[in-house]
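Student:
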Amino acid sequence: MEIKETLKSAVDSLKINKLRSLLTMLGIIIGITAVIIISSVGEGLVNYVSDELSSFGTNFFQINPGNNMMSAMTGGGEPLTTEDVSVIKDANISNIQNIVGFSMTSKAVSANDESILSSIYGMTPEGEALLKPNMIYGEFLTNDDINNRVVVIGTEVADKLFGENTDPVGESIKIDDMRFSVIGVSKSEGNLFGSFFNTSIILPLETMQQQVIGVDEIVEIDVEVKNIDYINETMDEVELVLKDHRKIADDEENDFIMTSFIESLNIFETITNTLTLFITGISAISLLVGGIGVMNIMLVSVTERTKEIGLLKSIGAKRKDILGQFLVESSVITTAGGFIGIILGIVATYLVSFLMKIPFVINIVWVVIATIISILVGIVFGLYPAQKAAKLHAIDALRFE
Amino acid sequence: MIRIKDMPLISLRGIIKKYPMGKNDFYEALHGVDLDINVGEFVAITGPSGSGKSTLMHILGALDTPTEGSQFFKGKNISSYSEDELADIRNKEIGFVFQFFNLLPKITVFKNVERPMLYGGIPPSERSQRVIRALSSVGIADKANNLSNHISGGQIQRVAIARALIMNPSVILADEPTGNLDSKASLEIVKILSDLNKQGHTIIIITHEEEIADFAKRKIKIIDGKIISDVKNEP
Chain A
1 MEIKETLKSA VDSLKINKLR SLLTMLGIII GITAVIIISS VGEGLVNYVS DELSSFGTNF
61 FQINPGNNMM SAMTGGGEPL TTEDVSVIKD ANISNIQNIV GFSMTSKAVS ANDESILSSI
121 YGMTPEGEAL LKPNMIYGEF LTNDDINNRV VVIGTEVADK LFGENTDPVG ESIKIDDMRF
181 SVIGVSKSEG NLFGSFFNTS IILPLETMQQ QVIGVDEIVE IDVEVKNIDY INETMDEVEL
241 VLKDHRKIAD DEENDFIMTS FIESLNIFET ITNTLTLFIT GISAISLLVG GIGVMNIMLV
301 SVTERTKEIG LLKSIGAKRK DILGQFLVES SVITTAGGFI GIILGIVATY LVSFLMKIPF
361 VINIVWVVIA TIISILVGIV FGLYPAQKAA KLHAIDALRF E
Chain B
1001 MIRIKDMPLI SLRGIIKKYP MGKNDFYEAL HGVDLDINVG EFVAITGPSG SGKSTLMHIL
1061 GALDTPTEGS QFFKGKNISS YSEDELADIR NKEIGFVFQF FNLLPKITVF KNVERPMLYG
1121 GIPPSERSQR VIRALSSVGI ADKANNLSNH ISGGQIQRVA IARALIMNPS VILADEPTGN
1181 LDSKASLEIV KILSDLNKQG HTIIIITHEE EIADFAKRKI KIIDGKIISD VKNEP
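From first to last, the protein sequence lines are chains A and B.
Just so we're aligned, residue 1 is where the first sequence starts under this note's numbering, counting upward by one.
Just so we're aligned, residue 1001 is where the second sequence starts under this note's numbering, counting upward by one.
1) To test your reading of the DSSP string, which unbroken beta strand (DSSP E) runs of 3 or more residues are found completely within the region 138-170 of chain A?
2) Hey, could you find the ends of the alpha helix (DSSP H) D250 (chain A) is sitting in?
3) Starting from V241 (chain A), trace the alpha helix (DSSP H) both ways and give me its first and last residue.
4) With a threshold of 7 angstroms on Cβ separation, who are the neighbours of N59 (chain A) within its own chain once the five nearest residues in sequence on each side are excluded?
5) Within a Cβ cutoff of 8 angstroms, which residues of the same chain sit near G345 (chain A), ignoring the five residues on either side of it in sequence?
6) At 7 angstroms on the CB atoms, spell out the chain A contacts of K1106 (chain B), in chain order.
7) Answer with buried or exposed for G1200 (chain B), where buried requires no fewer than 16 other C-beta atoms within 10 angstroms of its C-beta.
8) Since A317 (chain A) and A1087 (chain B) should fall inside the 8 angstroms C-beta cutoff, what is the C-beta to C-beta distance between them, to a whole number of angstroms?
9) Closer than 7 angstroms, Cβ to Cβ, to anything on chain A: give me those residues from the region 1114-1139 of chain B, in chain order.
10) Roughly how many angstroms lie between the CA atoms of P204 (chain A) and V151 (chain A), to the nearest whole one?
11) What are the boundary residues of the alpha helix (DSSP H) that includes G337 (chain A)?
12) Could you pull the DSSP bridge partners for S1186 (chain B) from this structure?
13) Does the distance from the C-beta atom of A1144 (chain B) to that of V1109 (chain B) stay below 8 angstroms?
14) Please confirm whether V100 (chain A) and D222 (chain A) have their CB atoms less than 8 angstroms apart.
15) Would D1084 (chain B) pass as a contact of R305 (chain A) if the rule is Cβ separation under 8 angstroms?
16) Output the residue ranges of the alpha helix (DSSP H) runs that lie fully inside the region 1105-1161 of chain B and measure 4 residues or longer, sorted by chain position.
17) Please work out which residues of its chain come closer than 6 angstroms, Cβ to Cβ, to I279 (chain A), disregarding the five sequence neighbours upstream and downstream, and give them in chain order.
18) Do the CB positions of G122 (chain A) and S103 (chain A) come within less than 8 angstroms of each other?
19) By DSSP, does H1062 (chain B) sit in helix, in strand, or in coil?
20) L1135 (chain B): which of B:G1120, B:M1167 and B:P1124 sits nearest, CA to CA?
21) Please work out which residues of its chain come closer than 6 angstroms, Cβ to Cβ, to Y350 (chain A), disregarding the five sequence neighbours upstream and downstream, and give them in chain order.
22) When you compare the CB of M1001 (chain B) with every CB in chain A, is at least one pair closer than 8 angstroms?
23) Please confirm if the region 104-115 of chain A is in contact with the region 160-167 of chain A, defined as three or more CB-CB distances below 8 angstroms between the two stretches.
24) Whose C-beta lies closer than 6 angstroms to the C-beta of K1018 (chain B) among residues of the same chain, with five residues either side of it excluded?
25) For chain A, is any of its Cβ atoms less than 8 angstroms away from the one on E1176 (chain B)?
26) Along the chain, where does the beta strand (DSSP E) that runs through K187 (chain A) open and close?
27) Buried or exposed: which applies to R1090 (chain B), given that a residue is buried once 16 or more other Cβ atoms fall within 10 Å of its Cβ?
28) Within 8 angstroms (strictly less), CB to CB, does M1 (chain A) reach chain B?
29) Taking L1012 (chain B) as part of the beta strand (DSSP E), name the residues at either end of that continuous run.
30) Measuring only between beta-carbons, confirm whether H1058 (chain B) sits less than 8 angstroms from chain A.
31) Would you tell me roughly how many angstroms separate the C-alpha atoms of V185 (chain A) and N147 (chain A), rounded to the nearest one?
32) Given that A407 (chain A) touches chain B, what residues does it touch there, using C-beta distances under 8 angstroms?
33) To be precise: take each residue of the region 305-334 of chain A, compare its Cβ to all Cβ atoms of chain B, and keep it if any distance is under 7 angstroms. Which residues remain?
34) May I ask you to list, following chain order, the residues of the region 1149-1171 of chain B that have a beta carbon less than 8 angstroms from some beta carbon of chain A?
35) Based on DSSP bridge pairs, tell me the residues matched to N98 (chain A).
36) Check the Cβ-Cβ distances between I401 (chain A) and every residue of chain B, and say whether any is below 8 angstroms.
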């Protein structure tokens, strides 16, 4: 019997028991939906983080005081100073493109009777090349601004202090009763890691250290490299320079910590991949359970339709015809379930990415894999019932009561 | 020189059929049946229930194989044919009409009549024309698109006859085709079979109703697995 006719008759048979066919599909639908969501959301998440990181620049590493992540965050340990920045610069490490030191504080800032609490960063002009802020209005800090009372403010800060869609360049703001003139408004490219350009105020480093906080303290040094392939070697060189300068013996633990974004990205990808693998395992179990459900129903169907099989054999159906018919029926169930699962998976992925504000990515490779898996589940789990049907003798099937 | 025309369509020689009953026991339904069916005959096989007439019909129809003895179809010994070889003979040479469960449920009359052609490899271009012709010959071409469970018992038997005709078989085997019908419908069905015989079709009908058997040109009576009479009948 031609495959087209077999397909038509399979669809006819499945239509007779619509509810049963649908319930049988359920396991496959759930499994395939899970496969699509996990692969797509996982990929969207990785893309999102990579985009965020690359909008921020991946070709640099950061140095923070402290000897672990915790103390680096809380600013514990011996602080870094502008001298640390200078010694790295003076070491003339060939792969270094740019070095920026930051200081940071948090103060009440006011203008036009509006007052907000804002993070304030001291930064050298190199920060522009390294962190790539979008300048909405005005300019970023330049070398002429050293020790001047000028600020670059984030768009959100500008909105709150001066109202939305107004150009505040030339206006002034007050920090601790000191008046600063606004020279630019900045915006971050991404919105996960780089959002501080939206919400912060940037001052020249010297102004910050000498006039605002009064200490020479650096919370983070960012080092941009020319060639990312040698970033680890460059980090080693910088480590030696800093150890020497900070008089740390070889066997002593560092009082600073170095991290590269590429490293963070790799860690993130590893976590995502492990999670994807784990949940893929769970969807595989769901597909297995779904497949067993299909086998169960097909066995019931073969028994119920024994007389029908007898009739088909009496009008000339051969073993392969009966085998084909039942295999196609089980495959149609799982493939239809697979398609429903793919559609549900795409819709769910869209909702998840919308709610999590991550990019909506559907990898066509996974759609193809899901389709192949659905068909295979139908064939593998339909084979035994179909063989059982095909092996029936015409007369035994006809006489079956 | 023997002409093909003279060779019986179906020949049974010493057919014994035993059914296993439990482990070491068996039941013998046919005890050595010899029978020839010739082209163009209209044969009625009668007998009470349990006489072995259904078993005989299954062997005549290549649905079952004998335990002992030989069965010839158009001169070929098919006693040792495989299930698939027998399926091919059933498809191309024999048209069945059963008492119950004749049609595939919940699909159209058209698809039911078409089905043997799908197994017989008849090209799609020919199929619809043949279905309509077969349905017309039994007078229900207008029911082609009805679902098989939405037509009357008499119509079901007509559709079954149309399906039996669709592959132009050598013989039509009807197993109690009127057993499920009222007398009016029964009469119509048996008239259709009789007309088909007049057009040259070989017909074998199994029945326990004498008035149905009376339409046949030859009556075979079977009791306890043996043919006890085989007479020409002048209706």
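In this text, a Cβ means the ideal position worked out from N, Cα and C, and glycines have one as well.
Tutor: This is what the structure gives:
1) 150-154
2) Note, D250 (chain A): premise wrong, no alpha helix (DSSP H); not H, not E.
3) I231 to H245
4) E224, V225 and I228
5) I32, T33, A34, V35, I36, I37, S40 and A370
6) I16
7) exposed
8) 6 angstroms
9) R1115, P1116, L1118, Y1119 and G1120
10) 8 angstroms
11) R319 to M356
12) Note: S1186 (chain B) sits in no beta bridge, so no partner.
13) yes
14) yes
15) no
16) 1109-1119 and 1124-1137
17) I38
18) yes
19) It should be pointed out that residue 1062 (chain B) corresponds to Ala in this sequence rather than to His. Three-state DSSP puts A1062 (chain B) in coil, outside helix and strand.
20) B:M1167
21) F360
22) With a pLDDT of 46 at M1001 (chain B), under the threshold of 50, the modelled position of that residue is not reliable, and the figure given next carries that caveat. So, not an interface residue.
23) yes
24) F1026, E1028 and T1067
25) no
26) M178 to K187
27) buried
28) yes
29) I1010 to M1021
30) yes
31) 19 angstroms
32) An answer regarding residue 407 (chain A) cannot be provided, because it is not within the stretch 1 to 401 covered by chain A.
33) K307, E308, L311, K313, S314, I315, G316, A317, K318, R319 and D321
34) R1163 and M1167
35) A:E224
36) According to the sequence as given, residue 401 (chain A) is Glu; it is not Ile. Output row for E401 (chain A): interface = no.
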